[in-house]
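Here's the structure we're looking at; comments come further down.
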Amino acid sequence: MIRGIYTGASGMLAKWTEMDVLSNNLANVDTPAFKRHLMLWKEEPRFKMHRLFHNVIETPAGDFDIRPYIGDMGTGVRVKGEYVDFSQGALKSTGNPLDLAIWGEGFFEVDRPGQGKFYTRAGNFIRNGDGLLTNLHGDRVLGVDGDPIPVNVEGLYVQKNGLLVDRDGIVLGQIRLVTFKDMQMLSKVGDNFFAQTQKSGDPVPAPAPTEFRQGFVEAANSNIVKDMVQMIVVNRAYEANQRVITSHDQLLGQAVNEVSRV
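According to the working numbering, the sequence shown is numbered sequentially starting from 7.
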């Protein structure tokens, strides 16, 4: 009976975590290039159930369990982890020549003064006071040579391969586009940024046919309808597990009262 309470509790904890993930996906539906998170589950060990009051018989050939097999009993579920869905988001036109969207696999590499390099797909960029291409956080966008890129807003043209050319045809630089051996092993550092880890591997040039689209930003790949429907399903599952705990608690209380009368 107490085992049933723990099983229900494990279900409640799992659904509570999933609700947090879904809420975060919905909260970032308007965040440029946000990648939704999904849950991975792991079933707790299952036990074989046998009818009570039957014995195991011993014979010269070995022991035989003559207790009738009833079925398996689950002991709950737990969160194994979460992973990031890096699938492509839709492109939204902004008309801003400094806005860039990645179509395909890859990340922008940015340098955050005093903190190092980070990686993002959000390409809503601006020109800072020093004339460098940066994001809204002030992180400097890096080129293929590893240096920040100077830009002019007027007459700027960004080719599909990331080459930046001004109105006079002068090449200002080329944006570096990188990817990783295992993107799921990247460390999430908040605000739609990722950091390299030992398990993710070193950044390498993104493969073709990945390209840049000037005047666009990538939208979040969250699906509002699916996430809202899933939230309803999760909420109902949470309530069902809650009722399981309540029922077991009532049965346990009745058992205690019956024992006290004996």
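We treat Cβ as the ideally placed atom computed from N, Cα and C, and that holds for glycine.
If you compare alpha carbons, which of the options is closest to residue i?
i      : options                        : result
Glu50  : Gly82, Glu24, Thr23, Val116    : Gly82
Met45  : Ser29, Pro213, Asn198, Val35   : Ser29
Asn198 : Val27, Arg9, Ile238, Phe40     : Phe40
Phe124 : Phe92, Arg182, Gly101, Val85   : Arg182
Leu104 : Leu138, Ser193, Ala33, Gly120  : Leu138
Val195 : Arg249, Gly122, Val250, Gln165 : Gly122
Glu224 : Asp26, Pro38, Val27, Lys21     : Pro38
Asp91  : Ala246, Glu111, His143         : Glu111
Ser93  : Pro119, Asp174, Met189         : Met189
Met87  : Ile132, Glu24, Arg118          : Correcting the residue type first, residue 87 is Gly in the shown sequence and not Met. If we check each option's Cα against that of Gly87, Glu24 comes out closest.
Gly120 : Gly68, Ile132, Gly144          : Gly144
Asp151 : Val35, Arg173, Pro211, Phe131  : Pro211
Val159 : Phe200, Lys21, Ile132, Val235  : Ile132
Ser166 : Val235, Ala67, Glu217          : For the record, residue 166 in the displayed sequence is Lys; it is not Ser. The shortest Cα separation from Lys166 among Val235, Ala67, Glu217 belongs to Glu217.
Arg84  : Gly14, Leu148, Val184          : Gly14
Arg9   : Tyr163, Gln260, Asp255         : Asp255
Tyr163 : Lys187, Asp117, Leu106         : Leu106
Phe186 : Arg173, Ile176, Val177, Gln202 : Gln202
Phe200 : Gly68, Asp117, Ile176          : Asp117
Look at the alpha carbon of residue i and the alpha carbon of residue j, and state the distance between them as a whole number of angstroms.
i      : j      : result
Asn141 : Gln204 : 26 Å
Ile108 : Leu19  : 37 Å
Lys98  : Met191 : 28 Å
Arg146 : His43  : 27 Å
Ile238 : Gly17  : 15 Å
Pro156 : Arg219 : 19 Å
Gln248 : Ser206 : 39 Å
Ala214 : Ala128 : 19 Å
Gly221 : Tyr12  : 54 Å
Leu257 : Asp233 : 36 Å
Gly259 : Val235 : 36 Å
Ser193 : Gly168 : 26 Å
Measuring CB to CB, does residue i end up less than 9 Å from residue j?
i      : j      : result
Leu170 : Gly179 : yes
Thr126 : Phe114 : yes
Ala96  : Asn227 : yes
Tyr244 : Lys48  : no
Val35  : Ile251 : no
Asn102 : Asn130 : yes
Arg52  : Asp78  : yes
Val184 : Pro154 : no
On the DSSP bridge assignment, give the partners of residue i in chain order.
i      : result
Phe218 : Ile108
Met45  : Glu88
Phe124 : Val116
Arg146 : Asp117, Thr140
Ile132 : Thr140
Pro154 : Leu148
Glu224 : Leu97
Thr185 : Val210
Ser193 : Ala201
Taking only beta-carbon atoms, is residue i less than 9 Å away from chain B?
i      : result
Arg127 : Chain labels in this structure do not include chain B; a single protein chain is all it has.
Got a sec: does the ligand COA put a non-hydrogen atom nearer than 8 Å to the Cβ of residue i?
i      : result
Ala201 : Within the structure as shown, the ligand COA is missing, as the structure has no ligands at all.
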